[in-house]
Amino acid sequence: MALARLDNFHSRLVLWLKIVLPLVALALLATLFLLGRKVQPEDAIPYATVDVEDRLREPRLTQPEYAGMTNDGAALTIKAAEARPGVAGSTDAGQAKALSALLEMPQGGTAAMMAGAGRLDAEGDRVVLTDGVSLTTSTGYRLTMPGVTVGLTQTDVTSQGAVLASGPLGRIEAGGMHLGQDAAGGYILDFTQGVRLIYLPPKGN
50 MALARLDNFH SRLVLWLKIV LPLVALALLA TLFLLGRKVQ PEDAIPYATV
100 DVEDRLREPR LTQPEYAGMT NDGAALTIKA AEARPGVAGS TDAGQAKALS
150 ALLEMPQGGT AAMMAGAGRL DAEGDRVVLT DGVSLTTSTG YRLTMPGVTV
200 GLTQTDVTSQ GAVLASGPLG RIEAGGMHLG QDAAGGYILD FTQGVRLIYL
250 PPKGN
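Just add 49 to wherever you are in the sequence shown, counting from 1, and you've got the working numbering.
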């Protein structure tokens, strides 16, 4: 008889546990949801700082890059922090900000340029760099000028405005500058329009 009562008690205990334990689990889950922190919509995506309406109104490209080859075999790469395309059917050719350009001549020389702004001149097959341009050549010349035009189909870098330069011979002041091919097919950096050279001999001589 004692064993029978014990079996009955065990059976009832197992039955009640099968009912109570799932209910306790549901109660715990409900408590977690009720006591959880309230979701703030403004905190859902804290990194979404892009103004969608502004992007739709003025579409732009982030970090665009152009890479091409001129007819004379020089490699030209142009990068920008941001570019806004032009308006179709108008004279607006678009603008780019914070540009860098690298011209690599087939004979091994290079010319690296930096500019605050620029635009594409599609009719002239060139890029116009403005807002202060610096140009550094692999031959040791460092130039600054208001702007330059860079040919896309031919190696042709021409200054816009006066040029201040420093190089192996010293300081150079000129009204203009041109980088391109000479008659023999080589590449030459030519200063024009009232060139003034301040010769600075190498230190130690």
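Ideal Cβ placement from N, Cα and C applies to all residues, glycine included.
- For M154, no beta strand (DSSP E) encloses it, and the DSSP letter there is neither H nor E.
- The shortest CA-to-CA distance from A147 to any of A214, I127, A160 is the one to I127.
- As the crow flies, the alpha-carbon of A214 is around 5 Å from that of R191.
- Closest in alpha carbon position to D174, among D205, M162, S149, is D205.
- As the crow flies, the alpha-carbon of N120 is around 27 Å from that of V212.
- Closest in alpha carbon position to G210, among T202, P195, P108, is P195.
- A116 sits away from A129, with the two beta carbons spaced by 9 Å or more.
- Cα atoms of T198 and Y248: separation of roughly 28 Å, rounded to the nearest angstrom.
- Using a Cβ distance threshold of 9 Å, A150 and L125 count as a contacting pair.
- Residue A123 holds the alpha-carbon nearest to the alpha-carbon of L152 among A123, V177, R133.
- In the structure shown, the three-state DSSP call for Y236 is strand.
- Look at T202 here: in three-state DSSP terms it is coil, with no helix or strand label.
- In the DSSP assignment, V244 falls outside any beta strand (DSSP E) and carries neither an H nor an E.
- In this structure, DSSP gives E222 an extended state, which the three-state scheme calls strand.
- Relative to L201, the option among R168, I221, A223 whose CA is nearest is R168.
- In summary, S187 is exposed, with fewer than 16 beta-carbon neighbours lying within 10 Å of its beta-carbon over all protein chains present.
- Taking C-alpha positions only, P134 is separated from P113 by approximately 11 Å.
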